[in-house]
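**Student:** Every number in the numbering used here is 18 more than the matching position in the sequence shown, counting from 1.
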Amino acid sequence: MIHGLSEEEKFKVIRPMLGEHMLGDYGMPIIHKTDEEMLDIENMEPVGIKNLTTKQDNSKKIVLPFTYDKDLLKYWTDPMKYIPRFQTVMAVGTPDYSIYPTMNINEVRHNVYMNRWLGCLWQTYKCVVLPVISWWAEDTYDICFSGIEKNSIVIVSTIGCMNNQKVFLKGFNEMKKRIEPPLIIVYGDMISGMTGRFVNIKYKDAFNNKNKEFKQLCLWKESNIFERKDVLQYGK
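Written as structure tokens, this is what we have:
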């Protein structure tokens, strides 16, 4: 091991894929789409990735991978360890490694690569995988939207985007244009101008919070997403 590197830097390597796989632009492993028929959307139960346990029935759980990068790093450094856990759930989102404005393009590529690599690995072991997509400015689009099969159900988060709604919406619309997702799972508040077919999850069980209050899960239909009549509520 090279001396003087941080724990994160030690693992900034491009590693080979395991099992059958396809590579897209920038050498990104391609996560294959999950058909909606494999998901029980109206009965799914969101759970934060850190709070998932095998001591309960996970057949309706959808795993939200939104937590700090330092906590997500373990899925990259020890990738085989958590596969049995993810095999018990309805679906698991790929880790949301951050994309920051201050990152250079190589750091962006590495974080996207980790996301796609793990998604492909989990699919190899028969996990139901939903790709999490994040982006920043236009010069990140080609990398951030690579490695995902067209017409895939995807997960995005609006957390931290309220002060940059124009930047978010521009990337969001470009993502829709390139991937054409039939369903988008949104973690966080909806942003005016988002169009499509959505499941909106407002859930406290993400950043290490184990509050037992019931989550708010809303299914937004494809018409005007801001008409309350189009929202199906689960819990209060």
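The C-beta atom is built at its ideal place from N, Cα and C for all residues, glycine as well.
Candidates Val204, Met180, Gln183 and Leu91: which alpha carbon is nearest Ile151's?
**Tutor:** Val204
**Student:** Start and end of the alpha helix (DSSP H) containing Pro102?
**Tutor:** Ile101 to Phe104
**Student:** In angstroms, rounded to a whole number, what distance separates the CA positions of Met212 and Met98?
**Tutor:** 36 Å
**Student:** Is it buried or exposed, Lys184, if we count other Cβ atoms within 10 angstroms and call 16 or more buried?
**Tutor:** exposed
**Student:** Under the criterion of a Cβ to heavy atom distance below 7 Å, does Leu187 qualify as lining the ligand NAD?
**Tutor:** The ligand NAD is not part of the structure shown, which contains no ligands of any sort.
**Student:** Check for me: the beta strand (DSSP E) holding Tyr205 runs from which residue to which?
**Tutor:** Ile202 to Tyr205
**Student:** According to DSSP, is Asn259 part of a helix, a strand, or is it coil?
**Tutor:** Nothing can be reported for residue 259, as the shown portion of the chain is limited to 19 through 254.
**Student:** Classify Gly178 as buried or exposed, calling it buried when 16 or more other Cβ atoms lie within 10 Å of its own Cβ.
**Tutor:** It is exposed - the Cβ of Gly178 has fewer than 16 other Cβ atoms within 10 Å.
**Student:** Shortest alpha-carbon distance to Lys68 belongs to which of Cys138, Lys88 and Tyr143?
**Tutor:** Lys88
**Student:** Only counting runs of 3 or more residues, tell me where the beta strand (DSSP E) segments fall wholly within the region 37–80, in order along the chain.
**Tutor:** 63–66
**Student:** Take Thr112 as the anchor and find which of Leu139, Thr106 and Asn122 has the nearest alpha-carbon.
**Tutor:** Leu139
**Student:** Classify Phe163 as helix, strand or coil using the three-state DSSP reduction.
**Tutor:** coil
**Student:** Tell me, to the nearest whole angstrom, how far the beta carbon of Gly42 is from that of Ser170; I am working on the premise that it is less than 8 Å.
**Tutor:** The Cβ separation is near 12 Å, so there is no contact.
**Student:** In whole angstroms, give me the CA-to-CA distance for Leu136 and Ser210.
**Tutor:** 32 Å
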